[in-house]
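Residue numbers (my numbering), protein chains in the order written: chain X, 1 to 114; chain R, 115 to 227.
Quick notes on the structure that follows.
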């Protein structure tokens, strides 16, 4: 089966510019997660979706970050405007019905803000 | 506030020997624990998990041990193979937080021939 797809794989932008990341989860997985991974750290949850609903966005910096999951399938994470400290890998994961179900991760998008 | 801690940033083991990766946690509400393996430029891949009602779970060469009283878990790889060289992340979750994974910083394992 196809895994979690993310694009782009790499993105370089200047500070204050907007940027968007796209994620297509595994077919049939209704729970989708966005994680942020800084260098030398483990992934940290930004937002979790159950179908179209964001059920946990407590760690999402809402002044500059936004996310959507229209139709409960694909998801987009946006940063506007980007700051130097946003340079990191943004990981998308999906699972079947959340809970104690294995989360499958995509390859991530490596963002560099100059 | 790091609730899951992997205090060894790196570990080097000879091929055929046992690799032991350790993980400590501070939140007593965690009731499910997972190990993920990550190669460069790839996302983490699930390796093995354990529920808090168990103290051991085994899958082939991989065994996870959980000591709830010590808030400690470990991953044993026997025998270690060069292909096991990767970064290993310990993660913990609980139903009260919607099963969100709390990750450690990872341990880089190098298995030498």
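Here a beta-carbon is modelled for each residue, glycine too, at the ideal position from N, C-alpha and C.
Residue-chain proximity (residue i, chain R), Cβ-Cβ < 7 Å
{"i": "residue 72 (chain X)", "result": "no"}
{"i": "residue 106 (chain X)", "result": "yes"}
{"i": "residue 85 (chain X)", "result": "no"}
{"i": "residue 42 (chain X)", "result": "yes"}
{"i": "residue 102 (chain X)", "result": "yes"}
{"i": "residue 45 (chain X)", "result": "yes"}
{"i": "residue 91 (chain X)", "result": "yes"}
Cutoff 7 Å: residue i Cβ touching any chain X Cβ
{"i": "residue 147 (chain R)", "result": "no"}
{"i": "residue 206 (chain R)", "result": "no"}
{"i": "residue 156 (chain R)", "result": "yes"}
{"i": "residue 200 (chain R)", "result": "no"}
{"i": "residue 217 (chain R)", "result": "yes"}
{"i": "residue 179 (chain R)", "result": "no"}
{"i": "residue 220 (chain R)", "result": "yes"}
{"i": "residue 214 (chain R)", "result": "yes"}
{"i": "residue 144 (chain R)", "result": "no"}
{"i": "residue 176 (chain R)", "result": "no"}
Straight-line Cα distance separating residue j from residue i
{"i": "residue 169 (chain R)", "j": "residue 134 (chain R)", "result": "16 Å"}
{"i": "residue 63 (chain X)", "j": "residue 11 (chain X)", "result": "21 Å"}
{"i": "residue 226 (chain R)", "j": "residue 163 (chain R)", "result": "26 Å"}
{"i": "residue 189 (chain R)", "j": "residue 117 (chain R)", "result": "18 Å"}
{"i": "residue 40 (chain X)", "j": "residue 219 (chain R)", "result": "6 Å"}
{"i": "residue 51 (chain X)", "j": "residue 97 (chain X)", "result": "9 Å"}
{"i": "residue 49 (chain X)", "j": "residue 71 (chain X)", "result": "11 Å"}
{"i": "residue 138 (chain R)", "j": "residue 73 (chain X)", "result": "35 Å"}
{"i": "residue 126 (chain R)", "j": "residue 196 (chain R)", "result": "11 Å"}
{"i": "residue 184 (chain R)", "j": "residue 175 (chain R)", "result": "24 Å"}
{"i": "residue 155 (chain R)", "j": "residue 9 (chain X)", "result": "9 Å"}
{"i": "residue 104 (chain X)", "j": "residue 181 (chain R)", "result": "26 Å"}
Beta-carbon spacing of residue i, residue j below 7 Å
{"i": "residue 75 (chain X)", "j": "residue 29 (chain X)", "result": "no"}
{"i": "residue 3 (chain X)", "j": "residue 217 (chain R)", "result": "no"}
{"i": "residue 91 (chain X)", "j": "residue 37 (chain X)", "result": "yes"}
{"i": "residue 205 (chain R)", "j": "residue 215 (chain R)", "result": "yes"}
{"i": "residue 77 (chain X)", "j": "residue 88 (chain X)", "result": "no"}
{"i": "residue 81 (chain R)", "j": "residue 144 (chain R)", "result": "Residue 81 (chain R) lies beyond the range of chain R shown here (115 to 227); nothing can be said about it."}
{"i": "residue 222 (chain R)", "j": "residue 131 (chain R)", "result": "no"}
{"i": "residue 84 (chain X)", "j": "residue 16 (chain X)", "result": "no"}
{"i": "residue 157 (chain R)", "j": "residue 25 (chain X)", "result": "no"}
{"i": "residue 120 (chain X)", "j": "residue 46 (chain X)", "result": "This structure leaves residue 120 (chain X) out entirely; chain X is present only between 1 and 114."}
Limits of the beta strand (DSSP E) - the one that residue i falls within
{"i": "residue 20 (chain X)", "result": "19 to 24"}
{"i": "residue 11 (chain X)", "result": "10 to 13"}
{"i": "residue 6 (chain X)", "result": "5 to 7"}
{"i": "residue 222 (chain R)", "result": "221 to 226"}
Check: residue i C-beta below 6 Å from any heavy atom of the ligand HEM
{"i": "residue 17 (chain X)", "result": "Absent from the structure shown: the ligand HEM. Ligands present: none."}
Segments of 3+ residues assigned as beta strand (DSSP E) that fall wholly inside the segment 35 to 110 of chain X: 44 to 50, 53 to 56, 65 to 68, 75 to 79 and 88 to 95
Inside the segment 119 to 204 of chain R only - alpha helix (DSSP H) runs reaching at least 4 residues: none
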